[in-house]
Amino acid sequence: MIFKFVQLLIPVLMILFGFFQAFIYLKLH
Numbered sequence: 659m660i661f662k663f664v665q666l667l668i669p670v671l672m673i674l675f676g677f678f679q680a681f682i683y684l685k686l687h
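In the working numbering, the protein residues as written are 659 to 687.
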């Protein structure tokens, strides 16, 4: 049950992290 939740959460976190990195990149440059 928890494994299924984590499996679903990881891609979402990766996408959010990607947006976060892009935001920082745009802020710095």
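For every residue, glycine included, the Cβ atom is placed at its ideal position computed from N, Cα and C.
Computed from a prediction, not measured in an experiment: that's the story for all the values here.
Tell me the residue span of the alpha helix (DSSP H) that contains residue i.
i	result
M672	660 to 686
Under the criterion of a Cβ to heavy atom distance below 8 angstroms, does residue i qualify as lining the ligand MN?
i	result
Q665	In the structure on display, the ligand MN does not appear, and there are no ligands present to speak of.
Could you tell me whether any Cβ in chain D is nearer than 9 angstroms to the Cβ of residue i?
i	result
F678	Checking the listed chains, one finds no chain D in this structure; it contains a single protein chain.
Between residue i and the rest of its own chain, which residues show a CB-CB distance below 8 angstroms, the 5 nearest in sequence each way excluded?
i	result
Y683	none
L667	none
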